[in-house]
């Protein structure tokens, strides 16, 4: 059984402010009070004025090192001494041995494993409390070890017998008389997949290769479940260096290993264990069944990028709580127990895989319809706004469902298919629910092939800009281009963005592809400025999707790109859609103002397709708008609407670019309305850099010949 959480006063001694701050925040999060010291002298001064319970002491510090601090502390202690946990690098093995000889209680190695560190701090606090209560007793050490929740073991190697303390046996669920003294009582209970690693680590220590034995692995509990434990030990050697005895501690670290730190829910390790049990149960009882729900939050990355990771963490915690509440009382949420199994009354296991992904394992579910009913209930539970950090945050979840009975033999197969169904649900829109079927597997294979091809495409520079001319209405003069992303796939040729951009975005490739795209565009524009007479004033419009626009450091990166290409900031115009603008309006406003301060213009693309276009005009310091092609197509039927939009834009000092101009009649009507710029098939379809170069060099006219004849 786990001990009650004990809090205490912790002193963190480390000359690295980043390490000191990280350790302090984790400890504060567990309710401890924390002080920090940046060097040994400061630490000793603090200890003289403020007694502490536990000291986290960096072994290597400039000036007065950790070992010297430790020796000083142990030399002047009175009453109950503080627990000292040394923080060392793996390469500092001799420091560990010396520290233990000088009286250190424990150690952790860098990089620090947080659950293990917290467990060891807890161990020291419990031990200290026990020592304070029992310091006058001659049994102080034994009682402190028991109170610290650690088992003890003492292996007499020559006799091949091991003494296991009562607590050692209790951790595995056994009474004192149920375990003998054979080493097989220990090693025979190690998980088959962990035995070889444990044996290697013991052999390395006995051979003198490692100064200490330390291993995390799984042990079989009396219930049959496997628990994660941490075993540490040190050997005693003869004068010729041969180990004849080895003793150490035995700690239960299962909760820290299988529980998600942020939400307290089971994590992937525990989920996989329960999935494996569910599969075995379904094999033994073919009439039973279960289902897996894979939930992924919609738009969570935007929340993280725009509001920060702390708000993102709070949202994850709030979602976990909402999901728990969304499961009915008879659908109780499984929590880790001593045996590692769900409560007897639990019909569900809710787990967090990491990031914004949650899993619900529905036990004793025989149909996809029953699983979908639970999915709908959970989706509805997330439909209401969350109050996070004094602001209202909206989210939803796309849910994929996989049902047992499909020939599954491994937990990862179920996760794979539920994940595939979730992606289908996400593709159908926010808050979608899909049940896995065989066709999805084929789609998933095809998707994986496409994803792999996209990654290779990035490496091989297959993503290229195409350019569509932007023409001045009044003169027909070419003023610039809109740069459009194309994928020049060696197998199928040029691929339009509608077929691959969503995969780039989901796979995290859109930002690196976009950065290279911007650099290519700027470089090409500079070539035209240098090589084509009269082209030095041409500019280029580059459209940024939501994740790209909210990418940290965007403004400085665009400025750097223009400077590297020897362009002026006025030669690059950034386009964003209304959806991008309103996803996080405050951050969008800040970025637009940054761009404007550098002389980079911003235009609102696809204007008129959403309900917040006027709000964007009113509050964003943009330079112009681009009318959505639907405006152009409808202009003949309702010219008064477009006339009002153009007049409003001009009243606000904005330029108007009409997209989708395909006929000369459209051109003439839009010219009369006062639009400044035009873009569309009337002038040219998007062309690659070579095609644009030929047109510029030959002095191509961009308006049809009949328009010039009229003039």
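Numbering (our numbering), first residue to last: -5 to 705.
Don't be surprised by glycine CBs; every beta carbon is placed ideally from N, CA and C.
Quick caveat: nothing in here was measured; it's all calculated off a predicted structure.
Item	Value
So, helix, strand or coil for residue 560, using DSSP?	coil
Compute the distance between the beta-carbons of residue 393 and residue 377, then report whether it is under 8 Å.	no
What would DSSP say about residue 364, mapped onto helix, strand or coil?	helix
In three-state DSSP terms, what is residue 222?	strand
According to DSSP, is residue 381 part of a helix, a strand, or is it coil?	strand
How about residue 306 and residue 288: are their beta carbons less than 8 Å apart?	no
My understanding is that residue 79 touches residue 118, with C-beta atoms under 8 Å, so please give their C-beta distance in whole angstroms.	6 Å
Tell me the residue span of the alpha helix (DSSP H) that contains residue 420.	405 to 421
Give me the DSSP bridge partner(s) of residue 230.	239
According to the neighbour-count rule (16 or more other Cβ atoms, all chains shown, within 10 Å of its Cβ), is residue 8 buried or exposed?	buried
Please classify residue 170 as buried or exposed, where buried requires at least 16 neighbouring CB atoms within 10 angstroms.	exposed
Check whether the segment 457 to 471 touches the segment 671 to 678, counting contact only when three or more Cβ pairs, one atom from each stretch, lie closer than 8 Å.	yes
Let me know if residue 369 comes out buried or exposed under the rule of 16 or more other beta-carbons within 10 Å of its beta-carbon.	buried
Only counting runs of 4 or more residues, tell me where the alpha helix (DSSP H) segments fall wholly within the segment 613 to 696, in order along the chain.	623 to 628, 633 to 645, 658 to 667, 683 to 691
Check whether the segment 215 to 232 touches the segment 312 to 321, taking contact to mean three or more Cβ pairs, one atom from each stretch, closer than 8 Å.	no
Would the beta-carbon of residue 97 fall within 8 Å of that of residue 122?	no
Expressed to the nearest angstrom, what Euclidean distance is found between the alpha-carbon atoms of residue 323 and residue 281?	Confidence at residue 323 is low in this model, with a pLDDT of 43, below 50, so its placement is unreliable and the value that follows should be read with caution. Answer to the nearest angstrom: the Cα atoms are 25 Å apart.
Given residue 387, which residues of its chain have a CB within under 7 Å of its CB, disregarding the five upstream and five downstream residues?	297, 309, 379, 380
May I have the straight-line CA-CA distance separating residue -5 from residue 213, to the nearest angstrom?	Note that residue -5 scores 43 on pLDDT, short of 50, meaning its location in the model is unreliable; the coordinates nonetheless yield the value given after this. About 15 Å.
Around the C-beta of residue 477, are 16 or more other C-beta atoms found within 10 angstroms, so that it is buried, or is it exposed?	buried
Exposed or buried, residue 88, counting other C-beta atoms within 10 Å across all chains shown (16 or more means buried)?	exposed
Any chance you could list the alpha helix (DSSP H) runs of at least 4 consecutive residues sitting entirely within the segment 419 to 467, in chain order?	432 to 453
Are the beta-carbon atoms of residue 725 and residue 620 separated by less than 8 Å?	Summary: the structure shown does not reach residue 725, with the chain confined to residues -5 through 705, and so no result is reported for it.
Considering residue 209, what are the terminal residues of the beta strand (DSSP E) in which it resides?	207 to 214
Name the residue from 622, 120, 533 whose alpha carbon lies nearest to the alpha carbon of residue 74.	120
For the segment 274 to 311, which segments carrying the beta strand (DSSP E) assignment without a break, of at least 3 residues, lie completely within its bounds, in sequence order?	284 to 291
Under the rule that 16 or more other beta-carbon atoms within 10 Å means buried, what is residue 238, buried or exposed?	exposed
Under three-state DSSP, which class holds residue 547?	coil
Which same chain residues, not among the five before or five after residue 509, have their C-beta less than 8 Å away from its C-beta?	551
Can you find at least 3 beta carbon pairs, one from the segment 555 to 562 and one from the segment 496 to 503, that sit closer than 8 Å?	no
Roughly how many angstroms lie between the CA atoms of residue 241 and residue 396, to the nearest whole one?	48 Å
Let me know if residue 243 comes out buried or exposed under the rule of 16 or more other beta-carbons within 10 Å of its beta-carbon.	buried
If you drop the 5 nearest sequence neighbours on each side, which residues of the same chain put their C-beta closer than 7 Å to that of residue 216?	166, 167, 168
To the nearest angstrom, how far is the alpha carbon of residue 467 from that of residue 698?	13 Å
Between the alpha carbons of residue 328 and residue 342, how many angstroms are there, rounded?	For residue 328, the predicted structure reports a pLDDT of 43, less than 50, and the residue's modelled location is therefore unreliable. A value from the coordinates is still provided. In a straight line, the C-alpha of residue 328 is about 6 Å away from that of residue 342.
Given residue -1, which residues of its chain have a CB within under 6 Å of its CB, disregarding the five upstream and five downstream residues?	none
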